[in-house]
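Residue numbers for the sequence shown follow this note's numbering, beginning at 1058 and rising by one. Okay, structure first, notes after.
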Amino acid sequence: MTGPSGNKGGETYEVSASNSGSGSLKGRVAALYDMLCQIFGTDQIVLKAKKLEALELFRSDKLPERILGLQRVVYENPTLEEIPKEGELWQILMDIEGEIADMAARRYVENDLEKKIMEKIEENQEEYLEEIKAGILKKASGPENAQTLKRLAILEKKEQEKLTRSILEVLRPQSLDEVVGQERGVKALISKIASPFPQHILIYGPPGVGKTTAARLALEEAKKFKHTPFGKDAPFVETNGATLRWDPRESTNPLLGSVHDPIYQGARTELAEFGIPEPKLGLVSDANGGVLFIDEIGEMDPLLVNKLIKVLEDKRVNFQSSYYDALDDRVPQYIRKLFNEGAPADFILIGATTRDASTLNPALRSRCAEVHFEPLAPDQIKDIIDNAASKLGVVLEEGARDVISEYTIEGRKAISILADTYSLALYKNAGGTAGEKIHVTAEDVYEVVRNSRMVPYGIHRAKDSYEVGRTFGLAVSGYLGTVLEIEAVAFPAEEKGKGKLCFNETMGSMTKDSIFNAAAIIRMVTG
């Protein structure tokens, strides 16, 4: 029968597997040698024969040795040493012919496939080159392209376009001595922070009295003591409880941290391809070894507060995800460590609030020491104004401080009024610059407060003289005390000792009770 035909250099070849007596063994062996040369090429056959130690057998005059050489080359086995016997030559040649037929068929298919590949390359050469070029550029440049680089340049340009610093940044206290009116509160705060065993702290007080500034400076002061656990690089992480937003499904939580779902939320390419979730650390981990300051902690979500309490106890944040497989070898070690052990969150919590202590979570209060900052008195407001004026280089005329202290009890607001007055005085000073000494008058302050529609806190003032029918009462609202004027008219009683008290409909029951108590005391004293 006839085996597959092949092509080598334009020549055709066939392998005969016939076992008839036509032709001699010697001619058949020579034909097989020629066939190998046509398939692989003469040079390749010589190199292969030399490598397989069959070159001398090829040149031998003895037919069995030549057949042995064929066996070594065809089967690529240099360990064949036994010379075939006369009775086995035909069978061996038939086996060799079958193997060569397989080689010829394989080479024929390879040549045909190479031909089709070359045709395909010629047809789509430009397209393939563009894909290869794009792949190389993408690998070299990463995720960046012309559009992303342009946007980055725009952002960097905007970063350079800064007007000036905020006036509050310029006038913010730089040391604890500049925190006015809170000597007791600052002392209590420092004693609880600058300790070998620092405590979590809640600071209560009205707005604008220096709670945030005192907390920041307290950490810097604590770093100076060797017995405190805070290092030189201890972080101070600040956030606002009123703006903390989180998802109950734990898809996002900037305070405690969250796990990014590789399917719906997305993750880095190398993680998303294998469905590996990626934990994202929160502010509690950023504050590890330092202080986490939460302003307006009373405005936090109650459920988030409970989660924060758990972190305060464990000093660690645990992550969970249904996509995490502990037996998956493709999970990076840092992700495996976060899921198995959690993220460190060993920090000191300082929370500040303007709310009453009774409105806060009792479990949180039981784990924290409490410090109270006092409302600022008018004299303390004046001290704050003097410090700010010296930093601004402002000369305060007579009465300017008194006017500001009448219209606010907050240090921050007092500085804001002074800054507005400074700007107004600078505007009035034609040709003046920020470096000159600016004079601020009481009239400038009045103009600012009129434009801001502000009213003074102390409307009613006591007099040295008496006035019948004019009564004042002391009232408390939050952290502040004020004076309420009570309008009253007295008429002679019809009969002595039988006078009556009459109230209008808007007076509350507590007010009525207070007046009855006061009347009873007056009768007891006067008889």
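Just so it is clear, CB atoms sit at the ideal spot from N, CA and C, and this is done for glycine as well.
Tell me the residue span of the beta strand (DSSP E) that contains residue i.
i        : result
Val-1130 : No beta strand (DSSP E) contains Val-1130, which is instead part of the alpha helix (DSSP H) from 1120-1132.
Phe-1560 : Premise fails: Phe-1560 is in no beta strand (DSSP E) and is neither H nor E.
Ile-1495 : 1495-1497
Val-1452 : 1451-1453
Residues bridged to residue i by DSSP?
i        : result
Val-1428 : Ile-1260
Gly-1019 : Absent from the model: residue 1019. The displayed extent of the chain is 1058 to 1584, so no value can be given.
Thr-1296 : Ile-1351
Thr-1539 : Ala-1532
Ile-1407 : Ile-1258 and Phe-1350
Pro-1401 : Arg-1373
How many angstroms separate the CA atom of residue i from the CA atom of residue j?
i        : j        : result
Gln-1217 : Ile-1474 : 29 Å
Ser-1232 : His-1496 : 27 Å
Ala-1291 : Phe-1404 : 10 Å
Arg-1507 : Val-1460 : 12 Å
Leu-1361 : Glu-1398 : 22 Å
Ser-1342 : Glu-1295 : 13 Å
Lys-1364 : Pro-1230 : 34 Å
Tyr-1132 : Tyr-1165 : 19 Å
Asp-1443 : Ser-1480 : 17 Å
Ser-1079 : Leu-1112 : Because Ser-1079 sits at a pLDDT of 34, beneath the cut-off of 50, its placement in the model cannot be relied upon, and the point is left open.
Asn-1181 : Asn-1134 : 42 Å
Ile-1407 : Leu-1349 : 6 Å
Phe-1254 : Val-1451 : 44 Å
Thr-1410 : Thr-1539 : 22 Å
Gln-1390 : Ala-1400 : 13 Å
Glu-1122 : Glu-1145 : 13 Å
Gly-1586 : Ile-1153 : In the structure displayed, the chain extends from 1058 to 1584; residue 1586 sits before or after that span and is not available.
Asp-1501 : Gly-1267 : 26 Å
Gly-1288 : Leu-1417 : 31 Å
Gly-1098 : Glu-1167 : 15 Å
Arg-1412 : Lys-1280 : 30 Å
Lys-1214 : Asn-1297 : 29 Å
Tyr-1185 : Asp-1304 : 47 Å
Lys-1107 : Val-1388 : 51 Å
Report, in whole angstroms, the separation of the C-beta atoms of residue i and residue j, which I expect to be a contact under 8 Å.
i        : j        : result
Arg-1458 : Lys-1439 : 5 Å
Val-1227 : Gly-1314 : So it is not a contact: roughly 35 Å between Cβ atoms.
Ile-1351 : Gly-1332 : That belief does not hold up - the Cβ atoms of Ile-1351 and Gly-1332 are roughly 35 Å apart, past 8 Å.
Arg-1424 : His-1257 : 6 Å
Leu-1558 : Ala-1576 : 6 Å
Val-1316 : Pro-1286 : Going by Cβ atoms, the distance from Val-1316 to Pro-1286 rounds to 30 Å, so no, they are not a contact pair.
Pro-1263 : Glu-1467 : 7 Å
Leu-1421 : Ile-1366 : 6 Å
Glu-1356 : Ala-1414 : In fact, because the Cβ distance is near 15 Å, the residues do not count as touching under 8 Å.
Here's a check: name, in chain order, each residue in its chain whose Cβ is nearer than 7 Å to the Cβ of residue i, leaving out the five neighbours to either side.
i        : result
Leu-1212 : none
Leu-1137 : Leu-1125, Gln-1128 and Arg-1129
Leu-1531 : Gly-1538 and Val-1540
Ile-1140 : Pro-1121, Glu-1122 and Leu-1125
With a CB to CB cut of under 8 Å and the five nearest residues on each side skipped, what residues in its chain are close to residue i?
i        : result
Ala-1271 : Leu-1233, Val-1236, Gln-1239, Gly-1242, Val-1243, Leu-1246, Ile-1260 and Phe-1430
Thr-1563 : none
Leu-1109 : Arg-1129, Val-1130, Glu-1133, Asn-1134 and Pro-1135
Ser-1566 : none
Arg-1273 : Phe-1293, Glu-1295 and Phe-1350
Val-1086 : Leu-1120, Arg-1123, Ile-1124, Leu-1127 and Leu-1150
Val-1368 : Leu-1313, Val-1341, Val-1374 and Ala-1402
Lys-1083 : Leu-1120
Spatial neighbours of residue i within its chain, please: CB distance less than 6 Å, with the 5 preceding and 5 following residues excluded, ordered by chain position.
i        : result
Ile-1102 : Leu-1093 and Cys-1094
Gly-1456 : Ala-1499
Tyr-1381 : Pro-1334 and Phe-1396
Leu-1312 : Leu-1301, Gly-1339 and Leu-1340
Glu-1156 : Val-1131
Tyr-1464 : Val-1506, Met-1511 and Pro-1513
Leu-1384 : none
Ala-1476 : Ile-1224
Leu-1453 : Ala-1446 and Val-1497
Hey, is residue i's beta-carbon within less than 8 Å of any beta-carbon in chain C?
i        : result
Lys-1494 : Reference to chain C is not applicable here, since this structure consists of a single protein chain.
In the DSSP assignment, find the alpha helix (DSSP H) that holds residue i and state where it starts and stops.
i        : result
Leu-1433 : Here Leu-1433 belongs to no alpha helix (DSSP H), and DSSP marks it neither H nor E.
Tyr-1165 : 1146-1180
Tyr-1464 : 1457-1464
Arg-1085 : 1082-1097
Ala-1420 : 1419-1423
Ile-1572 : 1566-1583
Gln-1204 : 1203-1217
Gly-1242 : 1240-1250
Leu-1384 : Where Leu-1384 is concerned, there is no enclosing alpha helix (DSSP H), given that its DSSP letter is neither H nor E.
Ser-1480 : 1468-1485
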